[in-house]
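Numbering (our numbering), first residue to last: 339 to 770. Cβ coordinates follow ideal geometry from the N, Cα and C atoms, glycine included.
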Amino acid sequence: MNRRHFLATVSATALLPLPIFAAQDTWRLKAETVTQQILPTGDNATPILGFNGSMPGPELRVRRGERVSIDVENGLDEGTAVHWHGIRLENKMDGVPILTQELINPAGTKTYSFTPPDEGTYWYHSHYISHEQVARGMMGALIVEDETPPDVDHDITVLMSDWRMQEDGSLSDEFTDMHSVAHGGYIGNFVRAFLSKDEVKTGDRVRLRLINAATNRIFPMAISGVAGSIVAFDGMALPTPRDMTDLVLAPAQRADVIVDINGPVGFDMMTREGSYRLADLVVNGTNPDRRAGPIMALSQPAVPTPAEPTQHLTLTMMGGAMGGRHDGDNIWAFNNVSDLQADPFGSFQRGETVRITLANDTSFPHGIHLHGHHFYEVGEDGDLGDLRDTTLVNANESRDIICVFDNPGRWMLHCHMLSHAVGGMRTWVNVA
Ligand SMILES: [Cu+2]
Numbered sequence: 339m340n341r342r343h344f345l346a347t348v349s350a351t352a353l354l355p356l357p358i359f360a361a362q363d364t365w366r367l368k369a370e371t372v373t374q375q376i377l378p379t380g381d382n383a384t385p386i387l388g389f390n391g392s393m394p395g396p397e398l399r400v401r402r403g404e405r406v407s408i409d410v411e412n413g414l415d416e417g418t419a420v421h422w423h424g425i426r427l428e429n430k431m432d433g434v435p436i437l438t439q440e441l442i443n444p445a446g447t448k449t450y451s452f453t454p455p456d457e458g459t460y461w462y463h464s465h466y467i468s469h470e471q472v473a474r475g476m477m478g479a480l481i482v483e484d485e486t487p488p489d490v491d492h493d494i495t496v497l498m499s500d501w502r503m504q505e506d507g508s509l510s511d512e513f514t515d516m517h518s519v520a521h522g523g524y525i526g527n528f529v530r531a532f533l534s535k536d537e538v539k540t541g542d543r544v545r546l547r548l549i550n551a552a553t554n555r556i557f558p559m560a561i562s563g564v565a566g567s568i569v570a571f572d573g574m575a576l577p578t579p580r581d582m583t584d585l586v587l588a589p590a591q592r593a594d595v596i597v598d599i600n601g602p603v604g605f606d607m608m609t610r611e612g613s614y615r616l617a618d619l620v621v622n623g624t625n626p627d628r629r630a631g632p633i634m635a636l637s638q639p640a641v642p643t644p645a646e647p648t649q650h651l652t653l654t655m656m657g658g659a660m661g662g663r664h665d666g667d668n669i670w671a672f673n674n675v676s677d678l679q680a681d682p683f684g685s686f687q688r689g690e691t692v693r694i695t696l697a698n699d700t701s702f703p704h705g706i707h708l709h710g711h712h713f714y715e716v717g718e719d720g721d722l723g724d725l726r727d728t729t730l731v732n733a734n735e736s737r738d739i740i741c742v743f744d745n746p747g748r749w750m751l752h753c754h755m756l757s758h759a760v761g762g763m764r765t766w767v768n769v770a
């Protein structure tokens, strides 16, 4: 691996497609150790965690409005729990140890069951010592299929992450070094994306479901060989398709784009030092039949309409390297408090509309994730912006969100830079 000490590129033809299945209402996932070819062919495969023999785990495809049942068997030698990220589900199925469930012990099985209310692109991942279990591979795509799918030739999932690789292809086991936790978090030295299909034709219209499954890395993305638009963020259809010029995915964020193929397709992460190839999509042949019209909006989500907010709370992010002091007892804090406490950050009546100012008083960006709900980002003009379950707030900036808390239960609110979460940046809200 000498030629790739930092952020290597990957060769296209070496990439194996993700296992993918038709929509089902029962699934079985076994968390276990797997060996996965993450580095290009010719380099060693990586011993890592995964589900059903692969990392990422199988792509789960389910239907909106139909109850799905997922048995999660724990084949690890430590506890685990699985969170269905972005699904507005029943609280007891949210997969958060202590807050919503007991751990699934080694050799144990838990059945998760929920009815997804929204179509779109979601994902699942461990929510137990997740800064380590997700970094070690416990992730997969969760797709809620459209009742009326857009007119495309292919629907392809692009799940990206990064890994801290050693020379021999094994993962470094430094998941919690305090220097990383106090800075940008555990950041891998190798990046790539896994695709669910690896070949298209020139002229095809393709839906790409981008998922950032990395624990801490923000991916500023560029896709070459295509022309198209963003049609959804975090599973939720945009009212009108949007230009792809500013495509940035914080950890846990998703973006759906619909594109027409006009050349060799490459997925790149853009950095100050240059661009890094995450994956290639082989373009083979020409599609002579497609007469592509304009890219249309997907069916619009049915989330509750906000009323005038009855509470306005402020969540101030504090701590970290080069940050100010705070009274919390860990590296990071919200409002001077580190880690989960007995009392929630907010208590809401079911159906209440709440405005929350997310104030980033630190020297690092944070991607703040609310469980069980989607919320509106408030634009600089004060208008409601995009619906999100995870919002990126840059260093020393602030963003307001507006949420209708209509889902009863105890819901995590935390930084999805998972090193920051373990470093104290997590709290919860209660919806009665
Ligand atoms: Cu953070």
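Of the other Cβ atoms in all chains shown, 16 or more fall within 10 Å of the Cβ of residue 758; this residue is therefore buried.
A distance below 8 Å between beta-carbons, with the five flanking residues on each side excluded, links residue 689 to the following residues of its chain, in chain order: 642, 742, 743 and 744.
When DSSP states are grouped into helix, strand and coil, residue 756 belongs to the helix group. Its chain contains 672, 673, 683, 694, 695, 696, 697, 706, 751 and 765 as the residues whose beta carbon lies nearer than 8 Å to that of residue 653, once the 5 sequence neighbours on both sides are disregarded; these appear in chain order. Short note on residue 755: C-beta closer than 6 Å to some heavy atom of ligand 1. In the pairwise beta carbon analysis, the segment 471-491 is classified as touching the segment 387-397: at least three pairs are separated by under 8 Å.
In this structure, the C-beta of residue 469 stays at least 6 Å away from each heavy atom of ligand 1. Here residue 634 is exposed. Its C-beta has fewer than 16 other C-beta atoms within 10 Å. With a cut-off of 6 Å, the C-beta of residue 704 is classified as near ligand 1, since at least one heavy atom of the ligand falls inside that distance. Judged by beta-carbon spacing, residue 369 lies beyond the 7 Å limit of residue 400, meaning their Cβ atoms are not closer than that value. Here the segment 421-431 lies against the segment 440-456, with 3 or more beta-carbon pairs under 8 Å apart.
For residue 739 against residue 713, the beta-carbon gap comes to about 4 Å, under 8 Å, which counts as contact. Exposure of residue 489 is indicated by the presence of fewer than 16 other C-beta atoms within 10 angstroms of its C-beta.
Taking C-beta atoms as the reference points, residue 473 and residue 553 count as a pair closer than 7 Å. Taking the Cα positions, residue 598 is about 13 Å away from residue 582.
Two segments are said to touch when three or more pairs of C-beta atoms, one from each, lie closer than 8 Å; by this definition the segment 510-521 does not touch the segment 431-446. If you draw a straight line from the Cα of residue 565 to the Cα of residue 603, it comes to about 11 Å.
For residue 758, the shortest separation between its Cβ and any heavy atom of ligand 1 lies below 6 Å.
The beta-carbon separation of residue 409 and residue 449, rounded to 5 Å, stays under the 8 Å limit for a contact.
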